[in-house]
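In what follows, a single structure is set out as C-alpha coordinates and then discussed.
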Amino acid sequence: MKEIIGYLKTFIREDFNYKTYLFTAIFLTIAIYFNYTYGFERKLVIRHYGTFQGYIFSFLFYSLAYYSIAIPKFLIEKKKQYLLKSEFWIKSLVFISLIGAVGAFNSYKSIIDLFDLNGGFYYWMKILANSKRMVFYIIPLLIIKYVYDRQSKGLYGLQSKGFHWKPYFTMLLIMLPLITWASFQDDFLRTYPTIKLWKMNEVWGISKSQMAIIYELIYGWDFIFVELIFRGALVIGLATIIGKDAILPMVSVYAFLHFGKPLGETLGSIFGGYILGVIALYTKNILGGCVIHIGVAYLMEAAAFVQYLFIKN
(Lines of atoms letter the chains of each structure in order from A and count residues from 1; the text may use other names and numbers.)
(Lines give C-alpha, C1' and ligand atoms only; values in the text may rest on other atoms or scores of the structure.)
Protein backbone atom coordinates (compact mmCIF):
# COMPACT_ATOMS: atom_id res chain seq x y z
CA MET A 1 0.00 0.00 0.00
CA LYS A 2 2.87 2.40 0.78
CA GLU A 3 4.15 1.97 -2.77
CA ILE A 4 0.72 2.76 -4.25
CA ILE A 5 0.32 5.80 -2.01
CA GLY A 6 3.77 6.89 -3.16
CA TYR A 7 2.71 6.61 -6.80
CA LEU A 8 -0.35 8.77 -6.12
CA LYS A 9 1.62 11.44 -4.24
CA THR A 10 4.23 11.63 -6.99
CA PHE A 11 1.65 11.78 -9.75
CA ILE A 12 -0.48 14.46 -8.11
CA ARG A 13 2.60 16.55 -7.37
CA GLU A 14 3.75 16.35 -11.00
CA ASP A 15 0.39 16.46 -12.79
CA PHE A 16 -1.83 18.73 -10.72
CA ASN A 17 -2.79 21.95 -12.46
CA TYR A 18 -5.71 23.70 -10.80
CA LYS A 19 -7.09 25.02 -14.12
CA THR A 20 -7.03 21.58 -15.73
CA TYR A 21 -8.47 19.78 -12.72
CA LEU A 22 -11.16 22.44 -12.22
CA PHE A 23 -12.13 22.22 -15.88
CA THR A 24 -12.29 18.42 -15.64
CA ALA A 25 -14.44 18.59 -12.50
CA ILE A 26 -16.85 21.08 -14.10
CA PHE A 27 -17.12 19.06 -17.32
CA LEU A 28 -17.83 15.78 -15.52
CA THR A 29 -20.28 17.45 -13.13
CA ILE A 30 -22.28 18.88 -16.04
CA ALA A 31 -22.15 15.60 -17.98
CA ILE A 32 -23.27 13.54 -14.97
CA TYR A 33 -26.04 16.03 -14.14
CA PHE A 34 -27.49 15.98 -17.65
CA ASN A 35 -27.23 12.21 -17.90
CA TYR A 36 -28.89 11.39 -14.59
CA THR A 37 -31.45 14.20 -14.81
CA TYR A 38 -32.45 14.05 -18.47
CA GLY A 39 -31.25 10.60 -19.59
CA PHE A 40 -28.70 12.03 -22.03
CA GLU A 41 -27.10 8.71 -22.95
CA ARG A 42 -30.36 6.77 -23.05
CA LYS A 43 -32.25 9.26 -25.22
CA LEU A 44 -29.50 10.33 -27.59
CA VAL A 45 -27.18 7.33 -27.82
CA ILE A 46 -28.52 4.01 -26.51
CA ARG A 47 -31.79 4.19 -28.43
CA HIS A 48 -29.78 3.94 -31.66
CA TYR A 49 -27.75 0.90 -30.59
CA GLY A 50 -27.93 -2.03 -32.98
CA THR A 51 -27.98 0.28 -36.02
CA PHE A 52 -25.26 1.94 -38.08
CA GLN A 53 -26.20 5.27 -36.52
CA GLY A 54 -25.72 3.64 -33.13
CA TYR A 55 -22.04 3.01 -33.84
CA ILE A 56 -21.59 6.63 -34.94
CA PHE A 57 -23.39 8.05 -31.90
CA SER A 58 -21.49 5.74 -29.55
CA PHE A 59 -18.17 6.79 -31.06
CA LEU A 60 -19.13 10.48 -30.76
CA PHE A 61 -20.31 9.94 -27.18
CA TYR A 62 -16.97 8.54 -26.01
CA SER A 63 -15.02 10.96 -28.22
CA LEU A 64 -16.79 13.81 -26.42
CA ALA A 65 -15.64 12.35 -23.11
CA TYR A 66 -12.03 11.89 -24.21
CA TYR A 67 -11.21 14.91 -26.34
CA SER A 68 -13.20 17.36 -24.17
CA ILE A 69 -10.55 16.72 -21.52
CA ALA A 70 -7.47 15.87 -23.61
CA ILE A 71 -7.50 18.92 -25.90
CA PRO A 72 -8.16 21.55 -23.19
CA LYS A 73 -5.51 19.91 -20.98
CA PHE A 74 -2.92 20.17 -23.74
CA LEU A 75 -3.86 23.80 -24.44
CA ILE A 76 -4.03 24.90 -20.79
CA GLU A 77 -0.67 23.31 -20.00
CA LYS A 78 0.95 24.55 -23.22
CA LYS A 79 1.50 21.13 -24.74
CA LYS A 80 0.10 21.85 -28.19
CA GLN A 81 2.79 19.65 -29.73
CA TYR A 82 0.78 16.57 -28.76
CA LEU A 83 -1.99 17.68 -31.11
CA LEU A 84 0.47 17.59 -34.01
CA LYS A 85 1.47 13.96 -33.46
CA SER A 86 -0.28 11.58 -35.84
CA GLU A 87 0.41 8.63 -33.53
CA PHE A 88 -1.67 10.27 -30.80
CA TRP A 89 -4.63 10.74 -33.11
CA ILE A 90 -4.43 7.30 -34.71
CA LYS A 91 -4.07 5.45 -31.42
CA SER A 92 -6.66 7.45 -29.51
CA LEU A 93 -9.21 7.28 -32.34
CA VAL A 94 -8.76 3.52 -32.67
CA PHE A 95 -9.08 2.97 -28.91
CA ILE A 96 -12.17 5.20 -28.65
CA SER A 97 -13.68 3.51 -31.71
CA LEU A 98 -13.28 0.11 -30.05
CA ILE A 99 -14.99 1.30 -26.86
CA GLY A 100 -17.79 2.82 -28.91
CA ALA A 101 -18.23 -0.29 -31.06
CA VAL A 102 -18.55 -2.56 -28.02
CA GLY A 103 -21.11 -0.21 -26.52
CA ALA A 104 -23.20 -0.04 -29.68
CA PHE A 105 -23.10 -3.73 -30.50
CA ASN A 106 -26.26 -5.28 -29.17
CA SER A 107 -27.70 -6.85 -32.28
CA TYR A 108 -28.66 -9.83 -30.14
CA LYS A 109 -30.65 -7.65 -27.75
CA SER A 110 -33.81 -7.57 -29.84
CA ILE A 111 -33.71 -11.37 -29.99
CA ILE A 112 -33.17 -11.70 -26.24
CA ASP A 113 -36.20 -9.51 -25.59
CA LEU A 114 -38.41 -11.99 -27.44
CA PHE A 115 -37.61 -14.64 -24.83
CA ASP A 116 -38.59 -14.47 -21.20
CA LEU A 117 -36.12 -15.09 -18.38
CA ASN A 118 -36.98 -18.77 -18.28
CA GLY A 119 -35.49 -19.37 -21.72
CA GLY A 120 -32.03 -20.89 -22.05
CA PHE A 121 -31.36 -18.66 -25.03
CA TYR A 122 -31.46 -15.57 -22.80
CA TYR A 123 -28.90 -17.11 -20.46
CA TRP A 124 -26.39 -17.93 -23.16
CA MET A 125 -26.82 -14.58 -24.85
CA LYS A 126 -26.02 -12.90 -21.52
CA ILE A 127 -22.77 -14.83 -21.57
CA LEU A 128 -22.07 -13.72 -25.14
CA ALA A 129 -22.73 -10.12 -24.10
CA ASN A 130 -19.90 -10.45 -21.58
CA SER A 131 -17.59 -11.91 -24.20
CA LYS A 132 -17.87 -9.22 -26.87
CA ARG A 133 -14.98 -7.07 -25.58
CA MET A 134 -12.58 -9.95 -26.10
CA VAL A 135 -13.84 -10.38 -29.68
CA PHE A 136 -13.68 -6.68 -30.51
CA TYR A 137 -10.42 -5.75 -28.77
CA ILE A 138 -7.81 -8.46 -29.27
CA ILE A 139 -6.98 -8.22 -32.98
CA PRO A 140 -7.02 -4.38 -33.28
CA LEU A 141 -4.89 -4.00 -30.14
CA LEU A 142 -2.39 -6.57 -31.40
CA ILE A 143 -2.16 -4.68 -34.70
CA ILE A 144 -1.64 -1.31 -32.98
CA LYS A 145 0.99 -2.85 -30.70
CA TYR A 146 2.81 -4.39 -33.69
CA VAL A 147 2.82 -1.10 -35.59
CA TYR A 148 3.69 1.29 -32.76
CA ASP A 149 4.76 -0.59 -29.63
CA ARG A 150 6.34 -3.87 -30.69
CA GLN A 151 9.39 -3.17 -28.49
CA SER A 152 7.32 -3.18 -25.29
CA LYS A 153 6.68 -6.38 -23.35
CA GLY A 154 3.21 -7.81 -22.90
CA LEU A 155 0.04 -6.39 -24.40
CA TYR A 156 -0.37 -2.92 -22.91
CA GLY A 157 0.32 -3.99 -19.35
CA LEU A 158 -1.08 -7.49 -19.58
CA GLN A 159 2.00 -9.16 -18.09
CA SER A 160 3.12 -10.56 -14.75
CA LYS A 161 6.31 -8.48 -14.43
CA GLY A 162 6.03 -5.82 -11.74
CA PHE A 163 2.89 -7.26 -10.19
CA HIS A 164 2.57 -7.68 -6.41
CA TRP A 165 -0.82 -8.94 -5.28
CA LYS A 166 -0.90 -8.03 -1.56
CA PRO A 167 -1.73 -4.29 -1.85
CA TYR A 168 -4.72 -5.01 -4.07
CA PHE A 169 -6.29 -7.52 -1.71
CA THR A 170 -5.82 -4.98 1.08
CA MET A 171 -7.69 -2.44 -1.05
CA LEU A 172 -10.52 -4.94 -1.55
CA LEU A 173 -10.84 -5.42 2.20
CA ILE A 174 -11.06 -1.65 2.62
CA MET A 175 -13.87 -1.51 0.04
CA LEU A 176 -15.90 -4.33 1.61
CA PRO A 177 -17.83 -2.18 4.14
CA LEU A 178 -18.82 0.30 1.41
CA ILE A 179 -20.05 -2.50 -0.85
CA THR A 180 -22.01 -3.99 2.04
CA TRP A 181 -23.69 -0.63 2.66
CA ALA A 182 -24.41 -0.19 -1.07
CA SER A 183 -26.12 -3.59 -1.21
CA PHE A 184 -28.96 -2.21 0.92
CA GLN A 185 -29.75 0.53 -1.64
CA ASP A 186 -32.61 0.02 -4.09
CA ASP A 187 -30.73 1.29 -7.15
CA PHE A 188 -27.92 -1.16 -6.39
CA LEU A 189 -30.37 -4.08 -6.25
CA ARG A 190 -31.97 -3.02 -9.52
CA THR A 191 -28.59 -3.54 -11.17
CA TYR A 192 -27.02 -6.41 -9.22
CA PRO A 193 -26.65 -9.31 -9.45
CA THR A 194 -26.24 -8.87 -13.17
CA ILE A 195 -28.14 -12.07 -13.86
CA LYS A 196 -30.99 -13.19 -11.60
CA LEU A 197 -30.78 -16.95 -11.78
CA TRP A 198 -33.60 -17.53 -9.30
CA LYS A 199 -35.99 -16.23 -11.97
CA MET A 200 -34.76 -18.80 -14.47
CA ASN A 201 -35.28 -22.51 -14.94
CA GLU A 202 -32.38 -24.90 -15.33
CA VAL A 203 -31.35 -25.09 -18.98
CA TRP A 204 -29.91 -27.84 -21.14
CA GLY A 205 -29.44 -30.12 -18.15
CA ILE A 206 -27.22 -27.62 -16.33
CA SER A 207 -28.02 -26.95 -12.68
CA LYS A 208 -28.49 -23.40 -11.43
CA SER A 209 -25.25 -23.60 -9.46
CA GLN A 210 -23.39 -24.63 -12.62
CA MET A 211 -25.13 -21.85 -14.55
CA ALA A 212 -23.99 -19.35 -11.93
CA ILE A 213 -20.37 -20.55 -12.04
CA ILE A 214 -20.21 -20.41 -15.85
CA TYR A 215 -21.78 -16.97 -15.99
CA GLU A 216 -19.68 -15.45 -13.20
CA LEU A 217 -16.44 -16.77 -14.72
CA ILE A 218 -17.27 -15.11 -18.04
CA TYR A 219 -18.46 -11.98 -16.24
CA GLY A 220 -15.14 -11.72 -14.38
CA TRP A 221 -13.13 -12.49 -17.52
CA ASP A 222 -14.74 -9.49 -19.22
CA PHE A 223 -13.17 -7.10 -16.71
CA ILE A 224 -9.69 -8.09 -17.89
CA PHE A 225 -10.58 -6.49 -21.22
CA VAL A 226 -12.08 -3.44 -19.51
CA GLU A 227 -8.70 -2.94 -17.84
CA LEU A 228 -6.86 -3.71 -21.07
CA ILE A 229 -8.60 -0.91 -22.99
CA PHE A 230 -8.78 1.71 -20.23
CA ARG A 231 -5.65 1.30 -18.14
CA GLY A 232 -3.75 -0.62 -20.82
CA ALA A 233 -4.43 1.09 -24.14
CA LEU A 234 -5.61 4.54 -23.01
CA VAL A 235 -2.91 4.91 -20.34
CA ILE A 236 0.09 2.66 -21.03
CA GLY A 237 -0.44 2.73 -24.80
CA LEU A 238 -0.77 6.52 -25.02
CA ALA A 239 1.79 7.33 -22.31
CA THR A 240 4.50 6.61 -24.88
CA ILE A 241 3.30 9.80 -26.63
CA ILE A 242 1.70 12.05 -24.01
CA GLY A 243 3.13 10.63 -20.77
CA LYS A 244 1.20 11.31 -17.58
CA ASP A 245 -1.32 13.41 -19.52
CA ALA A 246 -3.00 10.15 -20.54
CA ILE A 247 -4.72 9.79 -17.15
CA LEU A 248 -7.43 12.48 -16.97
CA PRO A 249 -8.91 11.86 -20.46
CA MET A 250 -9.12 8.14 -19.64
CA VAL A 251 -10.92 8.92 -16.38
CA SER A 252 -13.51 10.95 -18.27
CA VAL A 253 -14.24 8.12 -20.72
CA TYR A 254 -14.37 5.64 -17.86
CA ALA A 255 -16.98 7.78 -16.08
CA PHE A 256 -19.08 7.92 -19.27
CA LEU A 257 -18.89 4.12 -19.47
CA HIS A 258 -20.71 3.95 -16.13
CA PHE A 259 -23.60 6.25 -17.06
CA GLY A 260 -26.03 3.33 -17.10
CA LYS A 261 -25.04 2.30 -13.57
CA PRO A 262 -26.19 3.71 -10.20
CA LEU A 263 -24.99 7.29 -9.60
CA GLY A 264 -22.75 6.25 -6.72
CA GLU A 265 -20.97 3.76 -8.96
CA THR A 266 -20.36 6.42 -11.61
CA LEU A 267 -18.90 8.81 -9.03
CA GLY A 268 -16.76 6.00 -7.64
CA SER A 269 -15.50 5.18 -11.14
CA ILE A 270 -13.91 8.64 -11.37
CA PHE A 271 -11.75 8.08 -8.30
CA GLY A 272 -11.22 4.38 -9.00
CA GLY A 273 -10.25 5.03 -12.60
CA TYR A 274 -7.82 7.74 -11.51
CA ILE A 275 -6.11 5.52 -8.93
CA LEU A 276 -5.90 2.48 -11.22
CA GLY A 277 -4.64 4.68 -14.04
CA VAL A 278 -1.83 6.06 -11.90
CA ILE A 279 -0.85 2.55 -10.79
CA ALA A 280 -0.79 1.36 -14.41
CA LEU A 281 1.26 4.38 -15.48
CA TYR A 282 4.03 3.70 -12.96
CA THR A 283 4.05 -0.11 -12.95
CA LYS A 284 3.35 -0.61 -16.68
CA ASN A 285 1.10 -3.42 -15.49
CA ILE A 286 -2.70 -3.82 -15.40
CA LEU A 287 -2.98 -7.01 -13.35
CA GLY A 288 -3.49 -5.01 -10.16
CA GLY A 289 -6.40 -3.25 -11.81
CA CYS A 290 -7.76 -6.61 -12.93
CA VAL A 291 -7.65 -7.91 -9.34
CA ILE A 292 -9.44 -4.81 -8.02
CA HIS A 293 -12.01 -4.71 -10.81
CA ILE A 294 -12.86 -8.41 -10.71
CA GLY A 295 -12.77 -8.45 -6.92
CA VAL A 296 -15.16 -5.51 -6.59
CA ALA A 297 -17.45 -6.98 -9.25
CA TYR A 298 -17.64 -10.33 -7.48
CA LEU A 299 -18.14 -8.71 -4.08
CA MET A 300 -21.06 -6.71 -5.50
CA GLU A 301 -22.52 -9.83 -7.10
CA ALA A 302 -22.15 -11.76 -3.83
CA ALA A 303 -23.66 -8.93 -1.76
CA ALA A 304 -26.66 -8.73 -4.09
CA PHE A 305 -27.16 -12.52 -4.04
CA VAL A 306 -27.14 -12.47 -0.23
CA GLN A 307 -29.68 -9.64 -0.20
CA TYR A 308 -32.07 -11.41 -2.56
CA LEU A 309 -31.73 -14.90 -1.12
CA PHE A 310 -31.51 -14.27 2.62
CA ILE A 311 -32.46 -10.71 3.55
CA LYS A 312 -35.02 -9.31 1.12
CA ASN A 313 -36.98 -12.56 0.89
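Following our numbering, the numbering of the sequence shown begins with 18 at its first residue and continues without gaps. Backbone N, C-alpha and C fix where the C-beta goes; we use that ideal spot for every residue, glycine too.
- Assignment of I223 by DSSP, reduced to helix, strand and coil, places it in the strand class.
- Within the segment 140-228, the complete alpha helix (DSSP H) runs of at least 4 residues fall at 149-165, 183-199, 203-208.
- About 5 angstroms separates the beta carbon of F276 from that of N52, a gap short enough to meet the 8 angstroms contact definition.
- Under the 8 angstroms Cβ criterion, the segment 53-70 does not count as touching the segment 19-35, having fewer than three qualifying pairs.
- Judged by DSSP in its simplified three-state form, H310 adopts helix.
- E104 sits in a helix when the DSSP states are folded into three classes.
- Cα atoms of F322 and P210: separation of roughly 6 angstroms, rounded to the nearest angstrom.
- For N52, the enclosing alpha helix (DSSP H) covers residues 35-55.
- Annotation for G285: the continuous alpha helix (DSSP H) segment containing it runs 280-300.
- Here F138 carries a helix assignment [DSSP, helix/strand/coil].
- In the DSSP assignment, T27 falls within the alpha helix (DSSP H) that extends over 19-32.
- Under the 8 angstroms Cβ criterion, the segment 167-177 does not count as touching the segment 263-273, having fewer than three qualifying pairs.
- Separation of W106 and P89 (C-alpha to C-alpha, rounded to the nearest whole angstrom) is 15 angstroms.
- In the three-state DSSP reduction, V111 falls in the helix class (H, G or I).
- The beta carbon of I73 is closer than 6 angstroms to none in its chain, skipping five residues each way along the sequence.
- Its Cα nearest to that of F273, the residue Y83 stands out among Y55, I29, I21, Y83.
- For K149, the CB contacts under 8 angstroms within the same chain, skipping 5 residues up- and downstream, are V119, F122 in chain order.
- Check the Cα spacing between S103 and each of G137, F44, Y165, T54: the tightest is with Y165.
- A check of alpha carbon separations from M188 across T27, Y79, L316 identifies L316 as the nearest.
- With contacts defined as CB atoms closer than 8 angstroms, F44 and I86 qualify as a contacting pair.
- With contacts defined by Cβ atoms closer than 8 angstroms, L159 and A250 do not form a contacting pair.
- When rounded, the separation of the alpha-carbon atoms in L61 and I21 is 39 angstroms.
- For K96, the secondary structure class from DSSP, reduced to helix, strand or coil, is coil.
- F122: not part of any alpha helix (DSSP H); DSSP gives it neither H nor E.
- Between the C-alpha atoms of M151 and G306 there is a straight-line separation of about 17 angstroms.
- Taking the C-beta atoms as reference points, Y154 is found nearer than 8 angstroms to I246.
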